[in-house]
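When the letters of the sequence shown are read in order and numbered with the numbering used here, they come out as residues 9 to 523. Everything below concerns the one structure shown next.
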Amino acid sequence: MTNKRCGWCSDDPIYIEYHDQEWGKSNRDEQHLFEMLCLEGQQAGLSWITVLKKRESYRAQFFNHPIQTIANFTEQELALKCQDAGLIRHIGKLTAIRDNAIAWQNMKAQDIDMVNWLWDFVDQQVQLNDVPDYKLAPAQTETSQKLSKALKKNGFKFVGPTTCYAFMQAVGRIHMSNNTFHAYAALEAGAALVPYQFDAGELQPHQVEVKVEYCGLCHSDVSVINNEWGNSVFPVVGGHEIIGTITQLGSEAKGLKVGQRVGIGWTAESCQHCDPCVSGQQVLCTGGSVATIVGHAGGFADKVRAGWQWIIPFPEDLNPESAGPLLCGGITVFDPILKHQIQAVHHVGVIGIGGLGHMAIKILKAWGCEITAFTSSLDKTDELKAMGADHVVNSRDANALKAQRGKFDLLLCTVNVSLDWKAYLNTLAPNGTIHMLGLVLEPMPIPAGALIGGAKSVTGSPTGSPFALRQLLQFAARKNIAPQIEVYPMSKINEALERLHSGKARYRIVLKADF
9 MTNKRCGWCS DDPIYIEYHD QEWGKSNRDE QHLFEMLCLE GQQAGLSWIT VLKKRESYRA
69 QFFNHPIQTI ANFTEQELAL KCQDAGLIRH IGKLTAIRDN AIAWQNMKAQ DIDMVNWLWD
129 FVDQQVQLND VPDYKLAPAQ TETSQKLSKA LKKNGFKFVG PTTCYAFMQA VGRIHMSNNT
189 FHAYAALEAG AALVPYQFDA GELQPHQVEV KVEYCGLCHS DVSVINNEWG NSVFPVVGGH
249 EIIGTITQLG SEAKGLKVGQ RVGIGWTAES CQHCDPCVSG QQVLCTGGSV ATIVGHAGGF
309 ADKVRAGWQW IIPFPEDLNP ESAGPLLCGG ITVFDPILKH QIQAVHHVGV IGIGGLGHMA
369 IKILKAWGCE ITAFTSSLDK TDELKAMGAD HVVNSRDANA LKAQRGKFDL LLCTVNVSLD
429 WKAYLNTLAP NGTIHMLGLV LEPMPIPAGA LIGGAKSVTG SPTGSPFALR QLLQFAARKN
489 IAPQIEVYPM SKINEALERL HSGKARYRIV LKADF
């Protein structure tokens, strides 16, 4: 994953910042769109770096003002501005900014939404202009010609088809290559995420490319961003609870089609030839498994790629907005239910009722089990019972734990902190199991006698196989299981991360792609 810049971008820091942070990013801000349309006109006959170096002066004289204010500038005011050495001192170009503001306001007076009007020329979708080299890109297109004609008809100036094409690229109406991905990345451990553009290279035969619609936010994303596990590869593009639609298929991909809605979870690829893979346990691959967000760009992006075996078809009856967390947290709690052959007659305890725990309750309720929720937040009691918990126990109350002795066929532990493991082992029925899902980094002191006497066990698992993921999504669609979520636009990703870090999220956060 390389941050490959376009050939027109020199090593000038102003150029680099503009290219990396702004150019090509889809934008729907009215003031910004007006500014960029006018600045592209100021470039006529000059280099773009000349305009960029004068941009702050243009903002001070024009674009920091409301468009209506710009429309009211007099000839005398424009003549005075033309004396500013920080501007391109061409009275015709400066007057065009005022005239464009008048035209803009006149269209708004006709109840025209200018943002949507501009986006309508590309059918509200980003257009791809896939060329192997920017030097081969056209100077104008049929779309830019139509936009130019419409703008001129409404009184705009310095808006020829070449200027309009440059404008469309600058504000993300057109992407020059379908191998260029736009994302949010942490450039170093613990850093805030910033806009990041990279060249994904050619699609490999076994890969599928997916346009991201929604992506869940998981504590594992935070762990990788902060390099808590020591295996992060920077820059990190997180996101592994992805819902989107297929845009490209590699030649080896099977059973999928372009335009199909699909999901991608924690694993992006597995070798398909080691013993776990050929036995249907690809999640345990020993021959080259690739995590979606470790050394691989994840779903905090406009597009993502993964091996076709890990592209999970999405049921029509499932809500794409809320389903993303099922692909990580959901499968994490669902897989042990399958492996331990849990039935409706079993009593299952869930330790920790956060993102994973609340999904466990919803799934187990649909499964028909008796459910006990262990939580330190008893203010959640009514909410947890509404989700499906039959009992709620204070996990910090030693006497309450003792009262659960011998009850549980399975305990799903979703927390990542040390607990009184002996006390929880005592709550297991004979042949019962504590199944670890939270990554507790400290050693677990487990007395052998507590295991042997009741044939009890402590197990663990990561997520699940592609087949288990398919089963979960189908089960969730059939039983109307949906995680409880809060939705943020992906452009507010740092706010969403802070919300997750604060522990206030109820219960999962989903990002909606808005590139």
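Just so you know, even glycine gets a beta-carbon here, dropped at the ideal spot from N, CA and C. None of these values were measured; they are calculated from a predicted model.
Just reading off the beta strand (DSSP E) that residue i is part of, what are its end residues?
i, result
"Ala191", "Thr188 to Ala193"
"Asn402", "His399 to Asn402"
"Ala456", "Counting along the chain, Ala456 falls outside any beta strand (DSSP E), though it belongs to the alpha helix (DSSP H) covering Ala456 to Ile460."
"Ala314", "Lys311 to Gly315"
I'd like the span of the alpha helix (DSSP H) that includes residue i, first residue to last.
i, result
"Gln4", "Beyond the ends of the chain as shown, which are 9 and 523, falls residue 4; an answer cannot be given."
"Gln29", "Pro21 to Gln29"
"Asp229", "His227 to Ile233"
"Ser152", "Glu150 to Lys161"
"Lys393", "Thr389 to Met395"
"Ala504", "Ile501 to Ser510"
"Glu378", "Note, Glu378: premise wrong, no alpha helix (DSSP H); beta strand (DSSP E) at Glu378 to Thr383."
"Thr467", "Run containing Thr467: none in the alpha helix (DSSP H); it sits in the beta strand (DSSP E), Ser465 to Gly468."
"Pro598", "Given a span of 9 to 523 for the chain in the structure shown, any question on residue 598 remains unanswerable."
"Ile371", "Gly363 to Trp375"
"Val356", "Premise fails: Val356 lies in the beta strand (DSSP E), His355 to Ile359, not in any alpha helix (DSSP H)."
"Met122", "Met122 to Asp128"
"Glu329", "Pro328 to Ala331"
"Leu407", "One detail in the question is off: residue 407 reads as Asn in this sequence, not Leu. That run of the alpha helix (DSSP H) goes Ala406 to Lys410."
"Cys293", "First-last for Cys293: undefined, no H or E at that position."
"Asp283", "Asp283 to Val286"
For a quick check, are the C-beta atoms of residue i and residue j less than 8 Å apart?
i, j, result
"Ile5", "Cys377", "With the chain covering 9 to 523 only, the question about residue 5 has no answer from this structure."
"Trp429", "Met444", "no"
"Gly163", "Asp128", "no"
"Asn402", "Leu386", "yes"
"Leu409", "His354", "no"
"Glu210", "Met122", "no"
"Gly258", "Gln215", "yes"
"Thr380", "Gly357", "yes"
"Gly180", "His248", "no"
"Ala331", "Ile251", "yes"
"Phe242", "Glu48", "no"
"Lys311", "Phe189", "yes"
"Glu217", "Arg313", "yes"
"Leu201", "Ile501", "yes"
"Tyr383", "Leu392", "One point to set straight first is that residue 383 is Thr, not Tyr, in the sequence displayed. Yes, the Cβ-Cβ distance between Thr383 and Leu392 is below 8 Å."
"Phe42", "Ile96", "no"
"Val448", "Val425", "yes"
"Leu420", "Ala368", "yes"
"Val232", "Gly246", "yes"
"Val302", "Asn239", "yes"
"Thr441", "Thr467", "yes"
"Leu334", "Ala197", "no"
"Ser65", "Asp28", "no"
Could you tell me which residues DSSP puts in a beta bridge with residue i?
i, result
"Tyr496", "Leu519"
"Ser221", "Looking at the sequence provided, one finds Glu at residue 221 rather than Ser. Answer is none; Glu221 lacks a bridge partner."
"Ile250", "Cys223 and Ile272"
"Phe483", "BP columns for Phe483 are empty, so no partner."
"Leu257", "Val216"
"Glu277", "Val298"
"Gln524", "Given a span of 9 to 523 for the chain in the structure shown, any question on residue 524 remains unanswerable."
"Val244", "Ala194"
"Pro321", "Val270"
"Ile105", "DSSP output for Ile105 lists no bridge partner at all."
"Gln135", "Ile182"
Can residue i be considered in contact with the ligand GDP, in the sense that its beta carbon sits closer than 7 Å to one or more heavy atoms?
i, result
"Thr300", "No copy of the ligand GDP occurs in the structure displayed, which carries no ligand at all."
| query | Hey, is the region 447-459 in contact with the region 470-481, meaning 3+ C-beta pairs nearer than 8 Å? | reply | no
- Item | Complete runs of the alpha helix (DSSP H) confined to the region 23-103 [at least 4 residues] | 38-50, 56-61, 63-66, 75-79 and 83-89
Can we say the region 290-305 touches the region 432-446, given the rule of at least three CB pairs closer than 8 Å? no
Within the region 417-449, note down every full beta strand (DSSP E) run reaching 3 residues or more, in order along the chain. 436-444
- Query: Okay, do the region 463-478 and the region 269-288 touch, 3+ Cβ pairs below 8 Å being the bar?
  - Reply: yes
If we count Cβ pairs, one from each stretch, closer than 8 Å, do we get three or more for the region 17-27 versus the region 504-518?
no
**Message:** Taking contact to mean 3 or more Cβ pairs, one atom from each stretch, closer than 8 Å, check whether the region 104-119 and the region 63-82 are in contact.
**Reply:** yes
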